[in-house]
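Step one of this worksheet: look at the structure below.
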Amino acid sequence: MARKKRKEEKEPEYEWVPPEFDEKAFLVKDIVGTKALMLTAVIAVAFGVAAALIGNAVGVIVSLIIYLIGAVTLNYVLRYMKISMSDIDKKTMIGNLALYMLLALGVWILLINEPFM
46 MARKKRKEEK
56 EPEYEWVPPE
66 FDEKAFLVKD
76 IVGTKALMLT
86 AVIAVAFGVA
96 AALIGNAVGV
106 IVSLIIYLIG
116 AVTLNYVLRY
126 MKISMSDIDK
136 KTMIGNLALY
146 MLLALGVWIL
156 LINEPFM
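Each residue of the sequence shown is one higher than the one before, counting from 46 in this note's numbering.
Right, dumping it as structure tokens:
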């Protein structure tokens with residue numbers, strides 16, 4: 046019994062075409078994200094110091110409230126500094142909020158301990 050010969054099918058040629066890349070828009074978005082990150086770090090340190098100073102004088106509950114107020118005011122400060130929320134991704138804003146929470150808490154804990162207070 047003879048084998049059937051396969052018809053050789055030519056695979057279609059595929060040519061990869063890179064997508065359009067807008068370098069200026071990418072750089073503007075990156076600069077806006079970096080400004081928001083730096084402003085978040087400054088606000089976190091400021092509210093961490095304020096929570097430590099007020100917590101030492103008044104109480105821990107008041108300093109916790111100040112700590113949380115700082116997280117809420119972060120959005121308003123970014124708007125006041127003319128940083129549009131539409132230019133920042135949601136993931137970036139969540140990262141900035143996490144940075145605020147951890148950095149302010151770290152400064153607060155550092156300052157309420159023995160060598161500083």
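Glycine is no exception: its CB is placed at the ideal position from the N, C-alpha and C atoms.
Since we're looking at a predicted model, the values are computed, not measured.
Mind checking F71: buried by the 16 CB within 10 Å criterion, or exposed? The residue in question, F71, is exposed, as its Cβ has fewer than 16 Cβ neighbours within 10 Å.
Quick one: which unbroken alpha helix (DSSP H) runs of 4-plus residues sit fully inside the segment 73-138? Chain order, please. 105-125
In three-state terms, what does DSSP make of Y44? Because the chain is modelled from 46 through 162, residue 44 falls outside the range shown and cannot be assessed.
Assuming A81 contacts I133 (C-beta within less than 8 Å), just tell me the rounded distance between them. 6 Å
Short Cβ contact (8 Å threshold) for V122 with I99: Contact flag unset, no.
Just to confirm, are A73 and L156 a CB contact at a threshold of 8 Å? Here the sequence assigns Val to residue 73, which means Ala is not the residue at that position. No, the pair does not count as a contact, with Cβ atoms beyond the cut-off.
Assuming Y112 and W153 are in contact, meaning their beta carbons sit under 8 Å apart, how far apart are those beta carbons, in whole angstroms? 7 Å
Anticipated Cβ contact below 8 Å, A86 with L142, distance rounded: With a Cβ gap of about 12 Å, A86 and L142 do not count as contacting.
Since M146 and A116 should fall inside the 8 Å C-beta cutoff, what is the C-beta to C-beta distance between them, to a whole number of angstroms? A116 and M146 do touch by the CB rule: their CB atoms are close to 7 Å apart, below 8 Å.
Using the Cβ count rule (16 or more neighbours within 10 Å means buried), how would you classify S108? buried
Is it true that the CB of V90 sits closer than 8 Å to the CB of L148? yes
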